[in-house]
Structure formats: C-alpha cells, structure tokens
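**Q** Provided herewith is a single structure, encoded as structure tokens, for subsequent inquiry.
Protein chains in written order, with my numbering: chain A, 2 to 113; chain B, 1426 to 1534.
See the structure below:
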C-alpha cells in the first residue's frame, strides 16, 4: 500500500529564516505530487505541483519554491520566511491528474 | 477563475439524522469530483469520489452529482458524533484540484 510522509510535524521559525519541508511517498512510482497551504480558517491553496522529476509548476507567486530531486521526494523551500507564510502545509500525491489525491499528515508552520 | 462554493456552516444535526452537504462549481469541463473529511488539526481524508451523473453509495455516505446544474452533494445517513468535522468538496481542473472552503458539521449526541 502507499504511504506519504511529511516532516517535520511542527515548526516554529523567526521571520527571515530559511525553510525546508520534505515529503516522501512510498509504494508507488511516478506519482503526481502537490504542495498546499491551509491558513487558519481558510481553504486549501495549491502552491506547487509536479508530474515528474525536475518538473515543477507554480500556482502562486511568492517567496516559496519547490523541488523534486527524486521520483518520490518533494521539497518545499524558502530563503526568507514572512509572517504570512504561517499555516498548515500539506503534501499530496495522485496516480495521475484527475484522480484522487491523498494527503500526508501535514506540517504546521508558525512564523514569529 | 475556477470556483468551488460550499456553505461554510456550521451545520448541526442530531445523532442518527441525515446530514446534507452541498457544493457548486463553475467549470463545466470538470470531470472528477471528490469529498474529503478533515478533523480539526488533521489533514484531509478522502471519503468519496464520483465521476458520473447520479448517486454513488458507500456505507453511510452517498455522493450525488448533477453536471447540468454543476452541483455535487454528500449525504451522511445515521450521523454519528464521530462524523463531526469539516467536509471539503474538490473538483478537478486540468492538472489540479480546486477545493471549496469546507462545511463544518457538528453531530449532536
């Protein structure tokens, strides 16, 4: 069966510090991978998606970036965090576009 | 801009009743529709997917799709306190999903 992991589970960072969140998927090959952010009391905002290694599509211009160095690894990064980057970051995978997406446990980020 | 609209609630129903959650979407080309359940502080969990007009049943859950009216709904029969959560509607559009902001459901014992 497929499993998706995210770490860390929680993170508290000062404004201006760098960020690296990691997501890995087990039990499947060449998945579509997604990064979402959910701000308090708000809906899911798609940040990036990837259909293959090195292929990243950005949905929202911001100070975040994403990379996919391996087939089942997806990384979300920032060089300098803003207060507005606080939120619940979710990684998801699907077999292909249009199919069900399955979410990881999430990382709760607080920027102070 | 592709939109997915849900009544934010909160929706309260007594235990054992039927809970009805509704969702409308703007993109007529959408082909895949999903319902997720999200407990407070947790990640969304897939409940149902539906691709064709009509009803799809899975246990106590029934998803209903009407593409002509651009409307998808979720019925929860025999609601339990453990069903208390936020329910997210998702609609595909190209390579991505568009999510509604969710409906908060409380089942009162």
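Using N, Cα and C, we set each Cβ at its ideal position, and we do this for glycine too.
At the level of alpha carbons, what is the spacing between residue 73(A) and residue 102(A)?
**A** The straight-line gap from Cα to Cα measures roughly 15 angstroms.
**Q** If we count the other Cβ atoms within 10 Å of its Cβ and call it buried at 16 or more, is residue 8(A) buried or exposed?
**A** It counts as exposed.
**Q** Taking DSSP as the reference, what is the three-state secondary structure of residue 113(A)?
**A** Note: residue 113(A) maps to coil in three-state DSSP.
**Q** Can you round the beta-carbon distance between residue 1450(B) and residue 1429(B) to whole angstroms, since I take them to be within the 8 angstroms contact cut?
**A** Indeed, because the Cβ distance is near 5 angstroms, the residues count as touching under 8 angstroms.
**Q** Using the three-state DSSP reduction, which class does residue 1500(B) fall into: helix, strand or coil?
**A** If DSSP states are grouped into helix, strand and coil, residue 1500(B) belongs with the strands.
**Q** Using DSSP with H/G/I as helix, E/B as strand and the rest coil, what is residue 70(A)?
**A** Looking at residue 70(A) - three-state DSSP - the assignment turns out to be strand.
**Q** Should residue 17(A) and residue 81(A) be called a contact, given that it needs their Cβ atoms to be closer than 8 angstroms?
**A** Cβ atoms of residue 17(A) and residue 81(A): closer than 8 angstroms.
**Q** Per DSSP, what kind of secondary structure is residue 1508(B) in: helix, strand or coil?
**A** In this structure, residue 1508(B) counts as helix in the three-state DSSP scheme.
**Q** Alpha carbon to alpha carbon, what distance is there between residue 31(A) and residue 1507(B)?
**A** The alpha-carbon atoms of residue 1507(B) and residue 31(A) are separated by roughly 35 angstroms.
**Q** Would the stretch 1481-1493 of chain B count as touching the stretch 84-91 of chain A if we require 3 or more Cβ pairs under 8 angstroms?
**A** At 8 angstroms Cβ cutoff, the stretches do not touch.
**Q** With H, G and I counted as helix, E and B as strand and the rest as coil, what does DSSP make of residue 48(A)?
**A** Three-state result, residue 48(A): strand.
**Q** What's the call for residue 33(A), buried or exposed, on a 16-neighbour Cβ count within 10 Å?
**A** So residue 33(A) counts as buried.
**Q** Using 10 angstroms around the beta-carbon of residue 1501(B), count the other beta-carbons present and answer buried if the total reaches 16, otherwise exposed.
**A** Residue 1501(B) should be labelled buried.
**Q** Judging by CA-CA distance, which residue of 113(A), 108(A) and 112(A) is the nearest neighbour of residue 6(A)?
**A** Here the closest residue by C-alpha is 108(A).
**Q** Tell me, please, whether the CB atom of residue 1531(B) is closer than 8 angstroms to any CB atom in chain A?
**A** No - not a single Cβ of chain A is within 8 angstroms of the one on residue 1531(B).
**Q** What's the call for residue 1463(B), buried or exposed, on a 16-neighbour Cβ count within 10 Å?
**A** So residue 1463(B) counts as buried.
**Q** For the stretch 1520-1530 of chain B against the stretch 46-61 of chain A, are there 3 or more C-beta pairs whose distance is under 8 angstroms?
**A** Segments in contact, yes.
**Q** I need the straight-line Cα distance from residue 1513(B) to residue 15(A), nearest angstrom please.
**A** If you take the alpha carbons of residue 1513(B) and residue 15(A), they lie about 31 angstroms apart.
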